[in-house]
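To start, the structure under review is shown below, and the notes come after it.
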Amino acid sequence: MPFSTPHERALGVAASLAIALPTLIAYNLPPSATFLNQAAALVGWGVFVFMLVAALPARAPGDAGAWRGAAPLLAALALLMAAAFASPLWTGLPWSLALSSGGALAAAIGVALCGAALQRAGLGEAAFRALCIGLLVAGIAGAVIALVQVFAPSLANGSLVARSSIGGRAVGNLRQPNHLSSLLLWGIVAIVWLAGAGALRRGVALALGVLLLWAVVLSGSRTGAVGAVVLAGWGGFDRGLARYWRRALLAAPIGYGAFWLAMVAWGRLGNASEIESHFAASGDISSSRFAIWSNTLELIRAHPWTGVGFGEFNFAWSLTPFPKRPIAFFDHTHNLPLQFAVELGMPLALVVLALLGWALVRAWRIAQDADASGASALRANQPGVPALRAGVVMVVMMALHSQLEYPLWYVYFLLPTVFVWGLGLAAPAPVAEPAVVGPTRPNLLAVGAIALWLAGLASVLDYARVVVIFAPPEGAAPLAQRIAEGQHSVLFSHHADYAAATTPGLGGDPMNGFAGAPHYLLDARLMQSWAKAFDERGDRLRAVHVAQRLREFHNEQAAPFFRLCDEPDAVLTAALFQCATAPTGLSFGDFR
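For the sequence shown, numbering that gives the first Met the number 0 begins at 0 and goes up steadily by one.
Right, dumping it as structure tokens:
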């Protein structure tokens, strides 16, 4: 191994801080339930990348090769970042949201390039080993949290272990079953690789893998069921794996099914479990995804060339007439290709998807070339060889997850994904390749790592400016003052805008806050306030349009808003904007 033993141990600790710690934070501060997790990921990855870059030679060989190898992935991320920063110029997207998304994508570019540079310098396996240690820690901790949430929910106090909002199902400290399942599946991949590399005893590794698979079942996530099949596919196709682990992976779906049946039986004994009902054949197995995908396709047909704008799906969908829309307030399409198509337009979306597909195929081919280098080298864990195939499995799992959810919008999934992807896109440089002359990329990567670390810390300070709005400390300033100050937040002003828009009695402009808040998430409360503000300003047409879209959601919170429309007094109801039924002819573009 290129790294010294003390450095390896330090890298394992740093990887655990970057990967495991963000998934273990249960404590949160309003208005975001996951902000502290994401901030911890930014800071942790800044430290982890800096330590990795410090191991690169002063003149890393093959530095240009790292850029070339990772070019498809880097180009796709760069196009998305450009779209994020361009969106406020023509869609009205708040700069706070554009900076958050664009900054995350910039971090992803640096982390992906770091992975490629390490692999090119022959340090890929050492970096992957540290990554797997972090995933192992995260997986074990996540499994323990899952057991507590399902079998001892009274111990989940919300500080160390998050309370599950879905009785009988594990949600982890990330509070989402699908996030927990993907984290656990990554942990199983890490366990198999660490065992193959001799870092874990076979019996211990198998026991840990079974524990994590059980926890996947406890999450009740359909993504987890798909992941079990992916594990079996890995075992079936990767002939470089030891026979023992190939058989264990092939048995993953069987083990998943056995645990599922056991949990169904446990629930039928009268225990608090929703596993059985969650997987019941009746009901909408898509959880309204088919409906939102159908709506998305209609938006794509209406705006095929330029899309509705990066980050603007919820805004456009909520303000477009859909009489049969799903009643939940969707802020994403729950499908990555559809998300790109509806927001970027078909031409740019196809370019981005083609680049990502190219990057995935390239990583697969590099792994296959490594596989062809000889079974003896594979079984000896030659540097760079086994990590490539395991890394491809991790990327494939996240790609499949992204067909049903939006995990890559969270940096604690985005950064590990692009890092391992970058590792797989650059084969180790030939030994005889000359050193690069001139300024070196490691120095730029180190600066980027420091910037990432500082950005994570700065985001915490900036977030504090809106926390005081929703959780004021003793002796806090008046609400109106806190909101006004929060509206000057660099990254989170949209939260302050929401408070301004939905808090009655503040006085001043009735449209205060509506320039930014609707572009984050239009929910029942905000749509009611927005419709009333339009009416107060004398803009009845827009008030009617927003009210009509709100009615389509059939939301209980909005029931009192429409109750007067049921009165027998026709004159009264005709005067109320929320009772109007004639189409307005407006589109979401009329609200920008």
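From the three backbone atoms N, C-alpha and C, an ideal C-beta is built for every residue, glycine too.
Source: prediction; values computed, not measured.
For P336, the enclosing alpha helix (DSSP H) begins and ends at 335-343. For the pair T22 and L182, the CB atoms are nearer than the 8 angstroms cut-off. Relative to the Cα of T501, the nearest Cα in the group A479, V489, G138, G68 belongs to A479. For the stretch 403-482, the continuous alpha helix (DSSP H) assignments of 4+ residues that do not extend past its boundaries occur at 410-423, 440-469, in sequence order. Around the Cβ of P517, a 10 Å sphere holds 16 or more other Cβ atoms; the residue is buried. Using a 10 angstroms sphere on the CB of L260, the tally of other CB atoms stays under 16, which defines it as exposed. In this structure, DSSP gives F328 a state outside helix and strand, which the three-state scheme calls coil. The stretch 123-143 and the stretch 184-198 touch, with three or more beta-carbon pairs separated by less than 8 angstroms. Along the length of the stretch 182-270, whole beta strand (DSSP E) runs at least 3 residues long do not occur. DSSP assignment within the stretch 6-50 yields the following whole alpha helix (DSSP H) runs of 4 residues or more, N-terminal first: 20-23. A check of alpha carbon separations from G390 across T580, G114, M510 identifies G114 as the nearest. For the pair T90 and L453, the Cα-to-Cα distance works out to about 30 angstroms. With a threshold of 16 other beta carbon atoms within 10 Å, Q556 falls short and is exposed. In the structure shown, the three-state DSSP call for S95 is helix.
Counting along the chain, L549 sits inside the alpha helix (DSSP H) bounded by residues 539-551. In the three-state scheme derived from DSSP, where H, G and I count as helix and E and B as strand, N554 is classed as coil. In the three-state DSSP reduction, T501 falls in the helix class (H, G or I). Nearest neighbour of E484 by Cα position, chosen from E473, P472, A463, turns out to be A463. Out of Q547, H544, F339, the CA that lies nearest to the CA of S401 is found in F339.
Between T332 and W304, the gap from beta carbon to beta carbon reaches 8 angstroms or more.
Going by beta carbons, L424 and R364 fall outside the 8 angstroms limit. C-alpha of Q148 to C-alpha of M396: approximately 25 angstroms in a straight line.
Judged by pairs of C-beta atoms under 8 angstroms, the stretch 305-314 touches the stretch 513-531, as three or more such pairs exist. 8 angstroms or more divides the Cβ of H553 from the Cβ of L585. A573 has its alpha-carbon roughly 54 angstroms from the corresponding atom of L159. Here the alpha carbon of G202 sits roughly 11 angstroms from the alpha carbon of V209.
Here G197 is exposed: its Cβ has fewer than 16 other Cβ atoms, across all protein chains shown, within 10 Å.
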